[in-house]
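Enquirer:
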Amino acid sequence: MGSAARGCELIVPVTSLTGNLLPAWASPPVLALAGALLALAATWGGVAFRRHRAVAPLRSLLGRLADGRSPVSLYARTLFVPNGELFSRAPEYPPGVTTGLTVHKWTNIPEVYSAADVRAALDVTQLLLAANREASAALRPIEHATKGWTEDVVSIGPQFKSWQILDSCEPRLVAFRNPGAFRSLTTQDVFEARGSLDYGLVYKGSHPSTRRAFWVIMGLSDAGTEAAAWFLRQHAMALGRLTGGAPFAVVVALDPARGRESAALRSLQPRPSWWRRVAYRKDWRRLAESKA
0 MGSAARGCEL IVPVTSLTGN LLPAWASPPV LALAGALLAL AATWGGVAFR
50 RHRAVAPLRS LLGRLADGRS PVSLYARTLF VPNGELFSRA PEYPPGVTTG
100 LTVHKWTNIP EVYSAADVRA ALDVTQLLLA ANREASAALR PIEHATKGWT
150 EDVVSIGPQF KSWQILDSCE PRLVAFRNPG AFRSLTTQDV FEARGSLDYG
200 LVYKGSHPST RRAFWVIMGL SDAGTEAAAW FLRQHAMALG RLTGGAPFAV
250 VVALDPARGR ESAALRSLQP RPSWWRRVAY RKDWRRLAES KA
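Heads up: the sequence shown is residues 0 to 291, going by numbering that gives the first Met the number 0.
#1: Quick one, which of E142, L126, V173 has its alpha-carbon nearest V71's?
#2: Thinking C-alpha only, which one of R132, A129, Q163, E84 is nearest A144?
#3: Name the residue from W283, V102, G147, T106 whose alpha carbon lies nearest to the alpha carbon of L264.
#4: Quick test of the definition: if touching needs 3 or more C-beta pairs under 8 Å, does the region 264 to 281 touch the region 203 to 221?
#5: What's the gap between the Cα of L184 and the Cα of A287?
#6: Going by alpha carbons, who is nearest to L165 out of P207, S195, D197?
#7: Taking the straight line between their C-alpha atoms, what separation do you get for A65 and L238?
#8: Mind checking who F230 pairs with in its DSSP beta bridge?
#9: Does DSSP put W105 in a helix, in a strand, or in coil?
#10: Do V153 and Y279 count as a contact pair if the criterion is CB distance below 9 Å?
#11: What is the rounded straight-line gap between the Cα of G147 and the Cα of R193?
#12: Whole angstroms is fine: what's the gap from Q233's alpha carbon to E142's?
#13: Identify which residue in K281, W105, G244, P81 has its Cα closest to the Cα of R88.
#14: Do you know how far the Cα of I108 is from the Cα of V249?
#15: Roughly how many whole angstroms lie between the Cα atoms of L293 and P28?
#16: R210: which of A55, V54, R275, G62 sits nearest, CA to CA?
#17: Just to confirm before moving on: does the CB-CB distance between K203 and L60 stay below 9 Å?
#18: Could you give the C-beta distance for V215 and L200, rounded to a whole number, given that I count them as a contact under 8 Å?
#19: Would you say the beta carbon of A237 is closer than 8 Å to some non-hydrogen atom of the ligand ZN?
#20: Assuming contact is defined by CB atoms lying nearer than 9 Å, are A115 and A136 in contact in what I supplied?
#21: How should F86 be labelled, buried or exposed, when 16 other C-beta atoms within 10 angstroms of its C-beta is the threshold for buried?
#22: Looking only at DSSP bridge pairs, what is P197 linked to?
#23: For a minimum of 3 consecutive residues, which ranges assigned as the beta strand (DSSP E) are wholly contained in the region 97 to 156?
#24: What separation, rounded to the nearest whole angstrom, lies between the Cα atoms of L57 and G83?
#25: Give the DSSP-derived three-state secondary structure of E91 in the structure shown.
#26: Going straight from the alpha carbon of I155 to that of Y198, what length do you get?
#27: Return the CA-CA distance between K160 and L37, expressed in angstroms with no decimal places.
#28: How far does the beta strand (DSSP E) with R265 in it extend, from its first residue to its last?
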């Protein structure tokens, strides 16, 4: 009987012994679920990484404007309405036998913004949201802009806040010269509106005391302001890679009759470092090819 018992012991399946030794979490269903979760985490991690890489140049370009901690102040010119009344025209409906137009009266209108400034502000807002969904901006009348330097500001259009920023912030790269020209402070270039040629400017700097971000988006005319904002939105990623988040000034040339899409690079100061021009040669070539 002893030998028979030993024989019985020898034929006990090994798999039954090892199966009892495995912990409960190592069962096939649990392992399959864990693998699915790891794959899902890896997928989401890859998506997050790609998104970060996609918006990193834009966030670098915008800097403080895109951190989302406080609204960015967009200062633009306003037209005041002394009696608070404006009128608009629209096609008559239902159609009548008169001129085909009907006039609407708008009352209690304190002020209005120019269409060019509003379109420029929309371009800036779209860039902010593309860089950070938590970012926000507030369009404010220019008369509310004080001499303080304690907020992040984008000044839109040729008005006193733009000139104040160009004169007071660092680095000083471009100056506005009345009645209609930009003068480079790093080269001998002067960009003067003549005939069908107009210019727009995008400037990024900071105040030397508060280190707040101050931008200027303006043209020598309304068309130049709109074209400068359009150019910034179109080439924001390339500018972010080439400038690395440093201050800069971009001057674009345009034909107002052809609209803002005719904006082409005329000057980028300071010139990107050689290694950035090499590393991002496609971006540099794209900007250079658009040079007027």
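The beta carbon of each residue, even a glycine, is placed where N, CA and C say it ideally should be. Here the structure is a predicted model, which means the values were calculated and not measured.
Expert: In short:
#1: L126
#2: If we check each option's Cα against that of A144, Q163 comes out closest.
#3: Ranking the options by Cα distance to L264, first place goes to W283.
#4: no
#5: Between L184 and A287, the C-alpha separation is close to 21 Å.
#6: P207
#7: Rounded to the nearest angstrom, the two C-alpha atoms are 15 Å apart.
#8: Answer by DSSP bridge pairing: none, since F230 is not bridged.
#9: strand
#10: no
#11: 35 Å
#12: Take the alpha-carbon of Q233 and the one of E142: they are about 30 Å apart.
#13: W105
#14: Going by the C-alpha atoms only, they are around 36 Å apart.
#15: Residue 293 is absent from the model: the chain starts at 0 and stops at 291.
#16: The option with the nearest alpha carbon to R210 is G62.
#17: yes
#18: Your pair V215 and L200 checks out as a contact, with CB atoms roughly 6 Å apart and the cut at 8 Å.
#19: Although the ligand ZN was asked about, the structure shown includes no ligands whatsoever.
#20: no
#21: exposed
#22: One point to set straight first is that residue 197 is Asp, not Pro, in the sequence displayed. L253.
#23: 100 to 106, 110 to 112, 136 to 140, 152 to 155
#24: 41 Å
#25: coil
#26: Roughly 14 Å separates the two Cα atoms.
#27: 53 Å
#28: R265 -> beta strand (DSSP E) spans 263 to 268.
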